[in-house]
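Numbering (this note's numbering), first residue to last: 182 to 369. To start, the structure itself, in structure tokens.
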Amino acid sequence: TTIAPNGRYMTFTGNFEGDPDIYRADLKAKKITKLTNEVGYDGGPFVSWDSKKIVYRRDAIEDNQELQDYKALLAENLVRPGKLEIFIMDADGKNKRQVTNLGAASFAPFLHPDGKRIVFSSNYGDPKGREFDLFLINVDGTGLERLTHSPEFDGFPMFDRTGKHLVFASNRNGKVRGETNVFTADFR
182 TTIAPNGRYM TFTGNFEGDP DIYRADLKAK KITKLTNEVG YDGGPFVSWD
232 SKKIVYRRDA IEDNQELQDY KALLAENLVR PGKLEIFIMD ADGKNKRQVT
282 NLGAASFAPF LHPDGKRIVF SSNYGDPKGR EFDLFLINVD GTGLERLTHS
332 PEFDGFPMFD RTGKHLVFAS NRNGKVRGET NVFTADFR
């Protein structure tokens, strides 16, 4: 669940209608609105600093075999996050559009305060699919840029309200395998 910076609503992923979708609710959860309704996993919504946009990850179902596999996993309360693309929509669920087309596991999108760029984590470019780094992309899908180059996991990036600082989680510098640390970085 993420709360809109304007304090008026929250957004979350729910599976109570049989398919993981994104919902919006007032902070008392009395009025709940379903924002996505296409078959396939929709999740990880984050609200922009101006509270007008929501970025999220989506696994679109492309054929009948994928649909059958998806439903079988869902019956066990599981999903296979092998190919998650980044999407953006208005805070009311309108104007949904796909931003990435990487065929990779991309997740944890966060919109820069300028409203023009999205930072996210992905295993794009790793043939084994195990190395996750941070990427930046324009909301229109152009200008993909890799920000980190660590053999360790980098994920869950977020900009501060000014857009001058980035915080993210990483397994680098861990004292034991899998230990996650929090890093901050100046951003241009």
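Just so you know, even glycine gets a beta-carbon here, dropped at the ideal spot from N, CA and C.
Query raised in the report: Quick one: Cα of Thr194 to Cα of Ser232, how far?
Result: Counted from its first residue, the sequence shown places residue 194 at position 13. Counted from its first residue, the sequence shown places residue 232 at position 51. Roughly 17 Å separates the two Cα atoms.
Query raised in the report: How many whole angstroms separate the CB atoms of Phe313 and Phe291, which I take to be in contact at a CB cut-off of 8 Å?
Result: Here residue 313 refers to the residue found at position 132 of the sequence shown. Here residue 291 refers to the residue found at position 110 of the sequence shown. Not confirmed; about 15 Å, so no contact.
Query raised in the report: When the Cα atoms are used, what is the spatial distance from Gly221 to Asp240?
Result: By one-based count along the sequence shown, residue 221 stands at place 40. By one-based count along the sequence shown, residue 240 stands at place 59. Distance between the alpha carbons of Gly221 and Asp240: 6 Å.
Query raised in the report: Between the Cα of Val280 and the Cα atoms of Gly274, Asn218, Leu265, Tyr251, which residue gives the shortest distance?
Result: Translated into positions along the sequence shown, residue 280 becomes position 99. With distances taken between Cα atoms, Val280 lies closest to Leu265.
Query raised in the report: Below 8 Å, can you find three or more Cβ-Cβ pairs linking the stretch 246-255 to the stretch 267-275?
Result: no
Query raised in the report: Cα-Cα, which of Lys297, Gly336, Ser302 is closest to Ser229?
Result: In the sequence shown, counting from the first residue as 1, residue 229 sits at position 48. If we check each option's Cα against that of Ser229, Lys297 comes out closest.
Query - When Phe301, Asn282, Thr323 are compared against Ala350, the one with the closest alpha-carbon - result: Position 169 of the sequence shown, counted from the first residue, corresponds to residue 350. Checked all of Phe301, Asn282, Thr323; the closest Cα to Ala350 is Phe301.
Report task. Return yes when the Cβ of Arg311 is within less than 8 Å of the Cβ of Ile267, no when it is not. Result -> Here residue 267 is taken as the residue at index 86 of the sequence shown, counted from 1. Here residue 311 is taken as the residue at index 130 of the sequence shown, counted from 1. Result no, Cβ atoms of Ile267 and Arg311 do not sit closer than 8 Å.
Requested in this report: To the nearest angstrom, report how far apart Ala366 and Ile269 are at their CA atoms.
Outcome: As a first step, residue 366 must be located in the sequence shown, where it is residue number 185. As a first step, residue 269 must be located in the sequence shown, where it is residue number 88. Straight-line Cα distance between these residues: approximately 25 Å.
Report task. Leaving aside the five residues before and after Thr361 along the sequence, list all residues of the same chain whose C-beta is less than 8 Å from its C-beta, in chain order. Result -> Locating residue 361 in the sequence shown gives position 180, where the first residue counts as 1. Hits under 8 Å: Phe334, Ala350, Ser351, Asn352, Gly355.
Query raised in the report: Fully enclosed by the stretch 281-334, which beta strand (DSSP E) runs are 3 residues long or longer?
Result: 287-292, 298-303, 314-319
Requested in this report: Below 6 Å CB to CB, which residues in the same chain sit around Leu216 once its five sequence neighbours on both sides are set aside?
Outcome: Here residue 216 refers to the residue found at position 35 when the sequence shown is read from its first residue. Around Leu216: Ile203, Arg205, Gly274.
Query raised in the report: So is Asn304 buried or exposed if we call it buried at 16+ other beta carbons inside 10 Å?
Result: As a working note, residue 304 is residue 123 in the sequence shown. Buried, because 16 or more other Cβ atoms sit within 10 Å of the Cβ of Asn304.
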